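Asks:
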Amino acid sequence: MARSTPPRGEAAKLKSGFGRLAALGVILVVAGLVGLFYTGFATLTTMVLFGWLLLIGGVVSLLHAVQARHSNFFWLAVIVAALNIAAGVVVLRTPEAAAEALTMFAALLFLTGGMFRLVGSMVVRGPQFGVTLLQGVLGLLLGVLVLITWPSSSQYVIGAFLSLTLLFDGLGLIATGYGGRRIVGMVSDRLTSPESTGPGVKTVQPE
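Last residue of the sequence shown: number 207 in the UniProt record's numbering, and the count goes up by one each step with no gaps.
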């Protein structure tokens, strides 16, 4: 019997889906490159989006708390929602100050994370000793550099990190989309080729 082959329509849909994934990756790469050239604008944009997320999330949480007002955690949910709303309003009204605070927090995270990795690599000395040691040293250096230039570093640190994240995520999506289209095309061509029908198929020659 002939081997069943998937419809060409399904392969076309898969290739179209991977193509849209690659197109999204291109958009993210472009946005990341623009953000790297205009880090100050990217930082302010990030803080405004962050403030709106806090504000909308707080309003949604407050609505859910009101709907579940008979639960035991009603007041806790109201307090958390109110804090999110207040934080969102503060971030939207003073995005520069919020960027400074967030940059300081990020620098402290780099310092503590680098210190833990550095000490852990020296104590454990596992198979990933060199990589962990290098990560710790880089974390410490990055935290120190951000703190030394603070608060002026708050104008570009958050925007640079966001832009780099968009850039690498976009490159990953492009690689996934391109590779997926190639694999789908190779499999589709392989399954629809005459050799893939197997020896059980008889060809009728015209008389």
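We treat Cβ as the ideally placed atom computed from N, Cα and C, and that holds for glycine. Model, not experiment: these values are computed from the prediction.
DSSP three-state call for N84: helix, strand or coil?
Replies: In the structure shown, N84 sits in a helix (DSSP, three-state: H, G or I).
Asks: Sort A98, V119, L111 by Cα distance to T46 and report the nearest one.
Replies: Comparing Cα positions, the closest option is A98.
Asks: Going by other Cβ atoms of all chains shown within 10 Å of its Cβ, with 16 needed for buried, is T132 buried or exposed?
Replies: Per the 10 Å Cβ criterion, buried.
Asks: Candidates V123, I158, L166, L109: which alpha carbon is nearest L141's?
Replies: For the residues V123, I158, L166, L109, the minimum Cα distance to L141 belongs to L109.
Asks: Along the chain, where does the alpha helix (DSSP H) containing Q155 start, and where does it finish?
Replies: Here Q155 belongs to no alpha helix (DSSP H), and DSSP marks it neither H nor E.
Asks: Tell me the rounded alpha-carbon separation between residue 213 and L83.
Replies: The structure shown does not extend to residue 213, since the chain spans only 1 to 207, so no value can be given for it.
Asks: CA-CA distance, P95 and V48?
Replies: Cα to Cα, the separation comes out at about 7 Å.
Asks: If you run the structure through DSSP and keep just helix, strand and coil, what is F73?
Replies: F73: coil per DSSP, three-state reduction.
Asks: Out of curiosity, what's the CA-to-CA distance linking G57 and A81?
Replies: Cα-Cα distance, rounded: 8 Å.
Asks: According to DSSP, simplified to helix, strand and coil, what is P95?
Replies: P95 falls in the helix class under three-state DSSP.
Asks: Between the stretch 30-47 and the stretch 172-180, do at least 3 Cβ pairs fall closer than 8 Å?
Replies: Taking 8 Å as the limit for Cβ pairs, the verdict is that the stretch 172-180 does not touch the stretch 30-47.
Asks: Between the alpha carbons of A42 and R125, how many angstroms are there, rounded?
Replies: If you take the alpha carbons of A42 and R125, they lie about 40 Å apart.
Asks: Expressed to the nearest angstrom, what Euclidean distance is found between the alpha-carbon atoms of G139 and G32?
Replies: Taking the straight line from one Cα to the other gives about 22 Å.
Asks: Skipping 5 residues on each side, what residues in its chain have a beta carbon closer than 8 Å to that of residue 212?
Replies: Within the shown structure, residues of the chain are numbered from 1 to 207, placing residue 212 beyond reach of any answer.
Asks: Assuming L118 and G88 form a contact by the criterion Cβ under 8 Å, report the distance between their Cβ atoms to the nearest whole angstrom.
Replies: 36 Å between Cβ atoms; not a contact.
Asks: Given a cut-off of 8 Å, decide if V137 and residue 222 are closer than it, judged by their beta-carbon atoms.
Replies: Because the chain in this structure spans residues 1 to 207, residue 222 falls outside the shown range and cannot be described.
Asks: Taking the continuous alpha helix (DSSP H) assigned at T39, which residues delimit it?
Replies: Element bounds for T39: 39-67.
Asks: State the CB to CB distance for the pair L111 and G143, rounded to an integer number of angstroms; the pair is presumed to be in contact (CB under 8 Å).
Replies: 4 Å between Cβ atoms; contact.
Asks: If you draw a straight line from the alpha carbon of F168 to that of H70, how long is it in whole angstroms?
Replies: Going from the Cα of F168 to the Cα of H70 covers about 46 Å.
Asks: Less than 8 Å between the C-beta atoms of V34 and G170, yes or no?
Replies: No, the pair does not count as a contact, with Cβ atoms beyond the cut-off.
Asks: Applying the 10 Å Cβ sphere with the 16-neighbour rule, what's the burial state of G40?
Replies: Exposed, by the Cβ-count rule.
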